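There are 2 protein chains.
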Amino acid sequence: MTHFLFSPQLTPSSFLRIGQLSNVDLNEDIRELETELPRQHPNEIPHNEKLLSLKYESLDYDNSENQLFLEEERRINHTAFRTVEIKRWVICAMIGILTGLVACFIDIVVENLAGLKYRVVKGNIDKFTEKGGLSFSLLLWATLNASVVMVGSVIVAFIEPVAAGSGIPQIKCYLNGVKIPHVVRLKTLVIKVCGVILSVVGGLAVGKEGPMIHSGAVIAAGISQGRSTSLKRDFKIFEYFRRDTEKRDFVSAGAAAGVSAAFGAPVGGVLFSLEEGASFWNQFLTWRIFFASMISTFTLNSVLSVYHGNAWDLSSPGLINFGRFDNEKMGYTIQEIPIFIFMGVVGGILGALFNALNYWLTMFRIRYIHRPCLQVVEAMLVAAVTATVGFVMIYCSRDCQPIQGSTVAYPLQLFCADGEYNSMATAFFNTPEKSVVNLFHDPPGSYNPMTLGMFTLMYFFLACWTYGLTVSAGVFIPSLLIGAAWGRLFGISLSYLTKGSIWADPGKYALMGAAAQLGGIVRMTLSLTVIMMEATGNVTYGFPIMLVLMTAKIVGDYFVEGLYDMHIQLQSVPFLHWEAPVTSHSLTAREVMSAPVTCLRRIERVGTVVDILSDTSSNHNGFPVVESNPDATQVAGLRGLILRSQLIVLLKHKVFVERANLSLVQRRLKLKDFRDAYPRFPPIQSIHVSQDERECMIDLSEFMNPSPYTVPQEASLPRVFKLFRALGLRHLVVVDNRNEVVGMVTRKDLARYRLGKEGLEELSLAQT
Amino acid sequence: MTHFLFSPQLTPSSFLRIGQLSNVDLNEDIRELETELPRQHPNEIPHNEKLLSLKYESLDYDNSENQLFLEEERRINHTAFRTVEIKRWVICAMIGILTGLVACFIDIVVENLAGLKYRVVKGNIDKFTEKGGLSFSLLLWATLNASVVMVGSVIVAFIEPVAAGSGIPQIKCYLNGVKIPHVVRLKTLVIKVCGVILSVVGGLAVGKEGPMIHSGAVIAAGISQGRSTSLKRDFKIFEYFRRDTEKRDFVSAGAAAGVSAAFGAPVGGVLFSLEEGASFWNQFLTWRIFFASMISTFTLNSVLSVYHGNAWDLSSPGLINFGRFDNEKMGYTIQEIPIFIFMGVVGGILGALFNALNYWLTMFRIRYIHRPCLQVVEAMLVAAVTATVGFVMIYCSRDCQPIQGSTVAYPLQLFCADGEYNSMATAFFNTPEKSVVNLFHDPPGSYNPMTLGMFTLMYFFLACWTYGLTVSAGVFIPSLLIGAAWGRLFGISLSYLTKGSIWADPGKYALMGAAAQLGGIVRMTLSLTVIMMEATGNVTYGFPIMLVLMTAKIVGDYFVEGLYDMHIQLQSVPFLHWEAPVTSHSLTAREVMSAPVTCLRRIERVGTVVDILSDTSSNHNGFPVVESNPDATQVAGLRGLILRSQLIVLLKHKVFVERANLSLVQRRLKLKDFRDAYPRFPPIQSIHVSQDERECMIDLSEFMNPSPYTVPQEASLPRVFKLFRALGLRHLVVVDNRNEVVGMVTRKDLARYRLGKEGLEELSLAQT
């Protein structure tokens, strides 16, 4: 997660609080101040929450409805549309299948490698327990972990830094409409998959579930575009889908498929995608997303069933399965609901603490650990410390349990009597997924309270330290594990207090604790409830889980933001929330917009176009087009909107005519020419325009979008925001009463306003 | 459902097919033709699919952001917003609790009354079986049913016709943004609740689940507005929520709570509301809707648990519970998936047949059964026939099963040996909910194939005849029952064919058959899948249920539309689907819009306003406001938009000044004055304006929305549609390049274009 953030200095944050009346002049002062901000350190990235980076570009969910587009759409008849629709379904099925297969691959490799590691270490420990000299075992364990993690960290730090972390914040940004460089490349996927395997095998306090969401998104982007930049191959299929609108829809499906494969939660996956991304709920799209999710979990389930040898039983819907919570054995009663709510409060507080610690840690990393080598060293250090802590805890623990009837995979006897195993080892000497399930389902009495308490404490700090390392890994499972541990501890205490009431099953409280802790950290709402419900396979637990998550979110939000939102803010991403800040009705489009706007004339000199595009100080991506020769009877009103990318394609194909021969027809382009260049349009510097050509004229009528969305300058910020967000726009032109262009609203203009502790605040803009 | 449709003649349908190029002149001819259409039969309602009624008004999801509104919003600080937010949560909790309680009430009353009826009839049958003379029993049964249904039908037909049917089509329309008169009144709720109890007790082939959705919606509308027209009480609370935007959000929550209570499916409820209604997915709103749903099922569960005497076990999450489908006993394997898909095909075909039959029946009803008395007689006839068919089937059946170990509530011995009961009676002599569960869970061998076949056939026609009667009742349960019957039959055949393979459990196939049949009839997608998943309480069944529903929908759509959509079309409701017809890119706003538009000047003569509002031939609801005195330097561009309702309030409060004293300040109004009049603004005729007052001037600046959304006239229909639908607009002004008003797009202008079998078709408009 820290890969964007490697600037050692703090850029001065010049932000402004706005009261009831916003002072326009002051705003302009600020803007002037910003233009003076240093551009001499282009690699520096602000790491201050009060800044907004201008380096991120927006996706455009609005089709540029120019003549070419309309001609194509009009040519296509009903049957052809049906073919397109069928292609969409085929792509979704492929997304589901591939995501499922990737999840299987990760699961199987992790299981085998981790199994190998634990067997080796266990053999070594067993040997040295008798002979003495367990420090050799510790050394072996720590070295094994550190070397595995080193490989995982090296590939991330040196090859593809965007593959670090769980990828959920990046996917959140993408679905929100922000283009994060490299985020949906094939190379990222490969590094991500290898990285996550190595992190889990390396024994870090991480999970392999979060990264599945990112993986699904990459798979979706790759398949739907029918080509790969990393492979430099274009399969010449699915060309119709080469635009932001379609691509983003498929990426939603991919993210959902990832959630679905990770947790066996197809409905939860759909809700995740919608909660994070959907500008506009479309029934067909949602149904396709659901299809991809279902196929994904089904593929995983089938392949893993075959792999585990019981081919037809379909018992592994996700990478993690919480196991069966039976109503009869583990039902809850109404009296327990206040207890669950209390657990939600605890989860909220602990989650906030986790986030606050991680915030300081991230700030520290931004300042001091920004070189890849240092990042690798830190990852290795964490791996070694994790192993050491685990070893010491196991060594010091005297919690022995009978081995008979237990389901422990690698029972460590250590100093226990024969036929017994060390209970602390089930928590530390295991993949975190298995530890979670053990905490949920081991019969009462499998852990003593001391073990659980120590484990919670240690794992809390380890997980917090681990999140943000330069490795691919998720925070879901560690959060669940921490929560399950203290939840179980809570259940045991409760059972002790109530003198062993039958309803006080510790497994149930472990589940609620896990929900509370996870909710307190990530602060997801509906989707997380459904994911937890589906992972438990039990609908009745929905109500208490919802209450717990709701309480954890309310309590946690009182202190700090959610972990993902915090990291998104630290990266200064212009993220748009669901609604404009509630107290922003005092601002109007006039105050919010960027002005003046560089406009083009409908028939424009090529040289002017080139100069405007080459102007690095403005670097705009959309230009309003106005009438060429306004006279008294004609207002120079808005005629259309043209994008930088379109202009570049026009220049590249030399679509212009000499000024003397304006009557000549300029070269015709097809939509295909634009699609072929998508999404990585060449920079203007790479296009050579001769001095003669500069004097030619270019007619934009055919290529501009003649009906861009506009707002009058009196519209309030919430109104502008709503239009922008609902339609997923990239540019919104502000016009006056005569339809003349007075300004332009883009994502950064809206994202700049935020509700801070003391009312509305305005973030500063930074070029980097 | 037929209560809107009582016209005996067919209005001539004058619709037009549009090819690649739309002929504007032809369009205008049609419009002229329409204006000549008879207005002499105001009570006649078109009942032709190719018509669109103008009598339905739109809800306005867009706030009129005038000065008053902005001033209020600016006055409210952060804390006050938090209070509003808390109020929203409180309202949602109340919606959930009340919906749950209403569901409990229905359930308990139905159970007791139906129990009483079955005990009386069973006693009678038992008596006459020995003595001979069973025709008396038949008479008793039929008379009981007919009289109960008579009462149920009379209250619907004579007191509140909008309470007929399940109410789902009406709620779909409401959430889509169409105001159906009386649909969310308290009176409707009372009639609905009584009506549904009487229909179910009367033994009709109906369910009590569908009406819960309508009930939830009414409860939500009532609570959120803090007053009731039926009771003529205003509780002076929640006044902030008295506008279409807020009300519609709460109604979504109510509908979701209804689904949740009916099926124990809180997530399904949320998805239902979103699938039908959400213009724009908002995370906070969705979370609130989910909260209401959860509270609703939890309330139902708690109260029913207490009622059933096992207070804390929470085993009745919904009105219908499919019972537990255990993985171990009833899991499916991959080989069965093709079989499930085949069942989906069967369900699609049977569903289409059901809908087609019901379509003809509805047309027949529209023509010949439009008087309330006749409607009551028909309902009684159906009740008597249902009882008779049931009786004859039971009488003729020779399918005897041992009573031991079965779970039948009212075992009819009839001609079976002692210790045995008539198996046909478990299906017919029972509430449909119980029959469904029996078909799912009775052990293999409980029914013989002949029984199931006959039952399916008979119940299919009975259910089809029943849907559309003037009684309150739903079609969900009958559909499930038909499907469960043929599904079980299918399972038995399969088990016979495969020589009793263990995987061929008939209960599982009954479930799939039920899903297929229901999907084939109603054609819901994601929400239905989730509802079925939650009702079975088993997540693993999600994949096959999704496949079955998807297949049923694809196959069914090939023949006819879904039942609800069909009835919505027959009522000529201007319903907006998710997207514009795919081949409509050839149309632009210019061709779609209504023109010319009646505009008002910013400072307008009162007499002009009154005349415009009184003009019954236009009856517009929104008027663009233009500059008062355009001169050469100033274009008469659009300045704002004002609504009929706002003008009426202004006139009522005499907000105008004499022409001579224009400098005087006119009376100030508060937002409260507008809210108090919401939603039933008085007609213009009720407002007296004297001759002197007619000459006064009214300044609209303060009250108009100064930033209405606009589109240029070149925008294509899909683009206009997207803006309109995404923001839930009621009026969209079309402007030219100089920002002058050239037309107005409203719901009917968009709903008019539909994709027919032979391409794009344009529906005619009818005044009634």
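So the protein sequences, as listed, match chains Y and Z.
Remember, the numbering used here sits 776 above the position in the first sequence when you count from 1.
Remember, the numbering used here sits 776 above the position in the second sequence when you count from 1.
For each residue, glycine too, the CB sits at the ideal point set by N, CA and C.
This one's a predicted model, so the numbers in the text were calculated from it and none came from an experiment.
Inter-residue Cα distance where the pair is residue i and residue j
i, j, result
"Pro1494 of chain Y", "Ser1360 of chain Y", "7 Å"
"Val1431 of chain Y", "Asn853 of chain Y", "29 Å"
"Glu1534 of chain Z", "Thr855 of chain Y", "11 Å"
"Leu974 of chain Y", "Pro1482 of chain Z", "59 Å"
"Gly1383 of chain Z", "Tyr950 of chain Z", "35 Å"
"Ala1453 of chain Z", "Val1517 of chain Z", "29 Å"
"Val976 of chain Y", "Tyr1144 of chain Y", "26 Å"
"Phe1026 of chain Y", "Ala996 of chain Y", "6 Å"
"Phe1039 of chain Y", "Ala1311 of chain Z", "21 Å"
"Ala1542 of chain Y", "Leu827 of chain Y", "7 Å"
"His1353 of chain Z", "Arg1523 of chain Z", "11 Å"
"Val860 of chain Y", "Ser1421 of chain Y", "25 Å"
"Val896 of chain Z", "Phe912 of chain Z", "13 Å"
Residue i - DSSP class collapsed to helix/strand/coil
i, result
"Asp1010 of chain Z", "strand"
"Arg1595 of chain Y", "Nothing about residue 1595 of chain Y can be reported from this structure: the residues present for chain Y run from 777 to 1544 only."
"Lys831 of chain Y", "coil"
"Ala1542 of chain Y", "strand"
"Glu1337 of chain Z", "coil"
"Arg1443 of chain Y", "coil"
"Ser1248 of chain Y", "strand"
"Gly1296 of chain Z", "helix"
"Asn1077 of chain Z", "helix"
"Thr1109 of chain Y", "coil"
Outcome for residue i when other beta-carbon atoms lying within 10 angstroms are tallied against a minimum of 16
i, result
"Asn1086 of chain Z", "exposed"
"Phe1140 of chain Z", "exposed"
"Val866 of chain Z", "exposed"
"Asn1395 of chain Z", "exposed"
"Ile794 of chain Z", "Confidence is the limiting factor: at Ile794 of chain Z the pLDDT is only 34, short of 50, which leaves the residue's position unreliable, though a coordinate-based value still follows. It counts as buried."
"Leu809 of chain Z", "Confidence at Leu809 of chain Z is low in this model, with a pLDDT of 39, below 50, so its placement is unreliable and the value that follows should be read with caution. It counts as exposed."
Span of the beta strand (DSSP E) around residue i
i, result
"His1507 of chain Y", "His1507 to Val1511"
"Asp836 of chain Z", "Here Asp836 of chain Z belongs to no beta strand (DSSP E), and DSSP marks it neither H nor E."
"Tyr894 of chain Y", "Counting along the chain, Tyr894 of chain Y falls outside any beta strand (DSSP E), though it belongs to the alpha helix (DSSP H) covering His854 to Lys907."
"Val1401 of chain Z", "Gly1398 to Val1402"
"Thr964 of chain Y", "That residue, Thr964 of chain Y, is in no beta strand (DSSP E); its alpha helix (DSSP H) goes Leu962 to Val977."
"Leu1414 of chain Y", "Leu1414 to Leu1419"
"Thr1232 of chain Z", "That residue, Thr1232 of chain Z, is in no beta strand (DSSP E); its alpha helix (DSSP H) goes Pro1225 to Thr1242."
Per DSSP, the bridge partner or partners of residue i
i, result
"Met1520 of chain Y", "Y:Ser1370 and Y:Val1509"
"Ile1546 of chain Y", "Any question about residue 1546 of chain Y goes unanswered here, given that chain Y covers just 777 to 1544."
"Arg1003 of chain Y", "Y:Asp1010"
"Tyr1529 of chain Y", "Y:Glu1538"
"Glu1196 of chain Y", "Y:Pro1178"
"Asn952 of chain Z", "Bridge partners of Asn952 of chain Z: none, in fact."
Cβ-heavy atom distance, residue i to the ligand ATP, below 8 Å
i, result
"Gly1289 of chain Z", "Looking for the ligand ATP in the displayed structure turns up nothing, as the structure carries no ligands at all."
Continuous alpha helix (DSSP H) stretch holding residue i: start and end
i, result
"Thr1207 of chain Y", "That residue, Thr1207 of chain Y, is in no alpha helix (DSSP H); it is neither H nor E in DSSP."
"Val1043 of chain Y", "Pro1042 to Glu1052"
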